[in-house]
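Colleague:
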Amino acid sequence: MAAKQIKIALAGNPNSGKTTIFNSITGTRQKVGNWPGVTVEKKEGQVHKFGYNLKIIDLPGTYSLTPYSIEEIVARDFILDEQPDVVIDIIDASNLERSLYLATQIRELDCKVLFALNMHDVARARGITIDADKMSQLLDVPVVFTVGNKNEGVDVLLEKAVELARSDVQLPRTRRVKYSKDIEKCIENYKDYIENTVGDQLPYNSRWTAIKLLEDDKILQDRIKEKTGLKAPEILEQAEIHRSHIRNFFDEEPEIIFTDERYGFIAGIVKEVMTTSTLQRVDISRNIDLVLTNRFLGFPIFIFFIWAMFQLTFTIGAYPMEWIEDGISSFSGFLATVVPDGLFKDLLIDGIIAGVGAVIVFLPNILILFFCIALFEDTGYMSRAAFLMDKVMHMIGLHGKSFIPMLMGFGCSVPAIMATRTLESEKDRILTILITPFMSCSARLPIYIVLAGTFFPKSAGTVIFSIYIGGIVMAIIMGRLLRSTLLRGMDAPFVMELPPYRVPMLKSLVIHMWDRAKMFLKKMGGIILIGSVIIWFLSSFPKNIDYSKDYIKQIEAEKQTYEKTISMADEDRLLQHKNEHERAIEKLQQEKRIEATEKSYIGQIGKAIEPVFAPLGIDWRGSVALLTGFVAKEIVVSTLGVLYAAGDDESEALKHALKQSGMTPLSALGMMFFVLLYVPCLATVATIRKETFSWGWAIFSVIYSTLLAWITAFVIYQGGMLLGF
Ligand code: GDP
Ligand code: MG
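For reference, each letter of the sequence shown is one residue, going 87 to 811 in my numbering.
Below, the structure written as structure tokens:
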């Protein structure tokens, strides 16, 4: 017999420990995705316990159920429409007052709810005692203490949840969230009216519906219109009459009155159930914050952390990077000996391994970067960073929160764009998404290293640093511009949350890091693989080329000349002849390869688009390289390698070839800025589409950034020439 299913939703404030408890219940059996229609993370897991199939859903973290942000709408709609058998509200016991706002709102919905007083350890350490029995009585809700990260109380919680789900008797709802007498009268009045007019057509609890309509809840108004049809205008009109009654009586908007009264109710509960021994209340977090968010020290410390993060990423990352490089080249060497010569071998070695290998080598850097970011997040420092950056971000009309995704953009735009989910306002999100790609991602670094190393050997470091800065400046300029045109609006009002500092758990750090890295690998892996194969194909076909010279014959001729020369040469000049001969052969073969690429499909494409890039001082080879960079920025360097050095991508050979190609320091600088600004890579564009739900924004992002890149490179190259550089 199939076990019965019980659906349990976990609600709670951000940082209350929902995900921790979710993970501890579901272990590894979980599915991560998005809520249908919006990009808010959806975690779902199944577990078999107490003879039931328990389906657990981790709702987005919110402070209320007033449908203001996407998270709040998602959480509320889920409870209303999916009707979970039980809602567990995870309450941060060390922050009872703040947590209870959401708790009372869930309680008002009249679903089966159970409170988990999580962070019980923190509360205890701060000398906070909570009378759970009393709380349970006052709100008519079962209450369980838990310590999520130590797995304490989680089993009891689950057991209680199942018990609650099974009890099909309607709970005695004698106790409820109470408002003052006049408001209660108004609610009762309107509730009776609704019940009398549309009674059985009502989708939700009538008291709750009455309260929400009195609070002018737009989403609920739409639902009522859908469900009650012709009666709807009358109901909404009555709501307006009651609202103006409240307004006249209190001289204040009804929504505000309701919120105030809820806080009053909560303050009352807190007084009843919570006692604090002030003696033990040493607030460590506050002391740390005195230093870390200090007006003078805060910023330098923050810059130091960021600097340290990049140092760590690049210096420590360099070692495993080398190992992986060695590993790949020996693997490729091994394949070269075992796979028979032919098209398949070329595809495997020059296409797939060369292309995918170029990305895999960045894995250590990315892991380190993501580890650092997870460390900032889990300790609670990230919110302090956002707090510090708030002023700077206001210059773009964004607030500090937008800074977190931008910071992650230095690693990779894909997870960075996903991180914009934490922003409440849709416009803020789109704006942040559009400027995040200007944060120079790690994939672009190799291009700068090659170009700056070749054309600015003495000051490469400074040049690269100024390109990074250039990206930030451009983000600020474009941010301002977009804010005052397409995405006009105010930044949504919000309170910067400063969660208490916590000692991070290694396991949670590793999971966070791996979650992101996995996403990166999966996305990049797929696209890189396909991209590499396409580029390999375009550069190695067509095969039957009309060469301008008969290379085979010339090589043959050279060989014969050599034979003849050595047969008559002096003993001591033999070595010199041999070297000269080898160089001559090498030169012919290289010429042949260059001509082959020039006449390959990719060469033809390059010649076709050359006029577009000519005003920037970039020749057809550079043009093709930039074109391939759309697939992934890493590929630019390999394409340059293929096209210029025509063969092994030894960096010295590439530098040499670049210098002889007619490129100047000025055009190289222009090209670097072009790389910084132009179209985000395929994976990023795909992510933009997914996160904005619109091809429009994705295409807009491609076009505006490419135009910007072209104009910037044009100004640098032509302007520089005019100034006589
Ligand atoms: P969410 O935002 O509600 O999903 O919160 P998380 O589950 O991500 O938890 C936030 C942080 O609190 C993590 O670093 C957890 O390890 C930590 N945490 C969770 N539960 C407890 C608890 O009961 N006690 C303590 N001290 N830390 C906890
Ligand atoms: Mg979470």
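Quick reminder that beta carbons are idealized off the backbone N, C-alpha and C, glycines included.
If we count the other Cβ atoms within 10 Å of its Cβ and call it buried at 16 or more, is W409 buried or exposed?
Modeller: Burial call: exposed.
Colleague: What first and last residue would you give for the alpha helix (DSSP H) that runs through G350?
Modeller: Run containing G350: 340–359, per the alpha helix (DSSP H) assignment.
Colleague: What would DSSP say about G810, mapped onto helix, strand or coil?
Modeller: Three-state result, G810: coil.
Colleague: Touching or not, the segment 691–705 and the segment 668–679, by the rule of three or more beta carbon pairs under 8 Å?
Modeller: Judged by Cβ distances under 8 Å, the segment 691–705 makes no contact with the segment 668–679, as fewer than three pairs qualify.
Colleague: Does the segment 747–762 come close enough to the segment 515–530 to have 3 or more Cβ pairs within less than 8 Å?
Modeller: Contact between the segment 747–762 and the segment 515–530 is present, because at least three Cβ pairs lie under 8 Å.
Colleague: Curious, which full-length alpha helix (DSSP H) runs of at least 4 residues does the segment 154–184 contain?
Modeller: List check, alpha helix (DSSP H) in window: 156–163.
Colleague: For a cutoff of 9 Å on Cβ pairs, would you count R252 as touching chain B?
Modeller: This model lacks chain B altogether, as it is built from one protein chain only.
Colleague: Kindly indicate which residue of L595, L607, L449, R707 has the alpha-carbon position closest to the one of S686.
Modeller: S686 has its Cα closest to that of R707, out of L595, L607, L449, R707.
Colleague: Does the separation of the CB atoms of D705 and G748 fall below 9 Å?
Modeller: Result yes, Cβ atoms of D705 and G748 sit closer than 9 Å.
Colleague: Is DSSP giving T106 helix, strand or coil here?
Modeller: In this structure, T106 counts as helix in the three-state DSSP scheme.
Colleague: When the Cα atoms are used, what is the spatial distance from I691 to V589?
Modeller: I691 and V589: Cα-Cα distance of roughly 55 Å.
Colleague: Does the segment 239–257 come within contact of the segment 114–129, defined as at least 3 CB pairs closer than 8 Å?
Modeller: In short, these stretches do not touch, since the Cβ pair count stays below three.
Colleague: Taking just the CA atoms, how far does T506 sit from K513?
Modeller: Near 11 Å, if we compare the C-alpha coordinates of T506 and K513.
Colleague: Taking only runs that begin and end inside the segment 190–248, name each unbroken beta strand (DSSP E) of 3 or more residues, in chain order.
Modeller: DSSP runs (the beta strand (DSSP E)) wholly in the segment 190–248: 199–204, 214–216, 229–231.
Colleague: Give a yes or no on whether the C-beta atoms belonging to Y554 and G466 are separated by under 9 Å.
Modeller: Against a cut-off of 9 Å, the Cβ pair of G466 and Y554 comes out as no contact.
Colleague: Please say whether I142 and I94 have beta carbons closer to each other than 9 Å?
Modeller: Yes, the pair counts as a contact, with Cβ atoms nearer than the cut-off.
Colleague: Assign E510 to one of three DSSP states: helix, strand, or coil.
Modeller: Of the three classes helix, strand and coil, the one that applies to E510 here is coil, per DSSP.
Colleague: Does at least one heavy atom of the ligand GDP sit under 8 Å from the Cβ of T812?
Modeller: Outside the shown range of the chain, which is 87 to 811, sits residue 812, and nothing can be said about it.
Colleague: Taking the alpha carbon of T232 as the reference point, which residue from L808, K719, F462, F201 has its own alpha carbon closest?
Modeller: Measuring from the Cα of T232, the nearest candidate turns out to be F201.
Colleague: List the endpoints of the continuous alpha helix (DSSP H) containing K639.
Modeller: Note, K639: alpha helix (DSSP H), 637–654.
Colleague: Have a look at I269 and V118 and give me their C-alpha separation to the nearest angstrom.
Modeller: Spanning the two alpha carbons is a distance of roughly 42 Å.
Colleague: Which first and last residues belong to the alpha helix (DSSP H) in which H485 is found?
Modeller: Where H485 is concerned, there is no enclosing alpha helix (DSSP H), given that its DSSP letter is neither H nor E.
Colleague: Under 8 Å, with one C-beta from each stretch per pair, do the segment 765–782 and the segment 556–567 reach the 3-pair mark?
Modeller: No: fewer than three Cβ pairs fall under 8 Å.
Colleague: Would you call the segment 205–219 and the segment 160–180 in contact, with 3 or more CB pairs under 8 Å?
Modeller: Contact holds: three or more Cβ-Cβ distances are below 8 Å.
Colleague: From this set, K650, I638, L433, A655, which residue's C-alpha is nearest E672's C-alpha?
Modeller: Among K650, I638, L433, A655, the Cα nearest to that of E672 belongs to I638.
Colleague: Note down, in chain order, each residue of its chain lying with its Cβ closer than 7 Å to the Cβ of T509, except the 5 sequence neighbours on either side.
Modeller: Checking the sequence, you will find Leu at residue 509 rather than Thr. Once the five neighbours on either side are set aside, the close Cβ partners of L509 are K487, S488, R515, T518.
Colleague: Once the 5 residues before and after L595 are set aside, which same chain residues still bring their CB inside 8 Å of it?
Modeller: Taken in chain order, the residues that qualify are F457, A460, L461, D464.
Colleague: Can you give me the C-alpha to C-alpha distance between L455 and I392, rounded to a whole angstrom?
Modeller: Near 10 Å, if we compare the C-alpha coordinates of I392 and L455.
Colleague: Is E130 helix, strand or coil by DSSP?
Modeller: Of the three classes helix, strand and coil, the one that applies to E130 here is strand, per DSSP.
Colleague: Hey, out of A422, A247, V447, whose CA is closest to I721's CA?
Modeller: Here the closest residue by C-alpha is V447.
Colleague: Decide if P122 is buried, meaning its Cβ has at least 16 other Cβ atoms within 10 Å, or exposed.
Modeller: By the 10 Å Cβ count, P122 comes out exposed.
Colleague: I want to know whether the segment 707–719 touches the segment 617–626 - three or more CB-CB distances under 8 Å.
Modeller: These segments touch.
Colleague: In whole angstroms, what separates the C-alpha of A799 from that of G384?
Modeller: Roughly 36 Å between the two C-alpha positions.
Colleague: On the three-state DSSP scale, how would you describe K117?
Modeller: Three-state DSSP puts K117 in a strand.
Colleague: Can you give the Cα-Cα distance for P701 and K745, rounded to whole angstroms?
Modeller: Roughly 19 Å separates the two Cα atoms.
Colleague: Can you tell me the Cα-Cα spacing of K650 and D636, whole angstroms?
Modeller: Roughly 21 Å between the two C-alpha positions.
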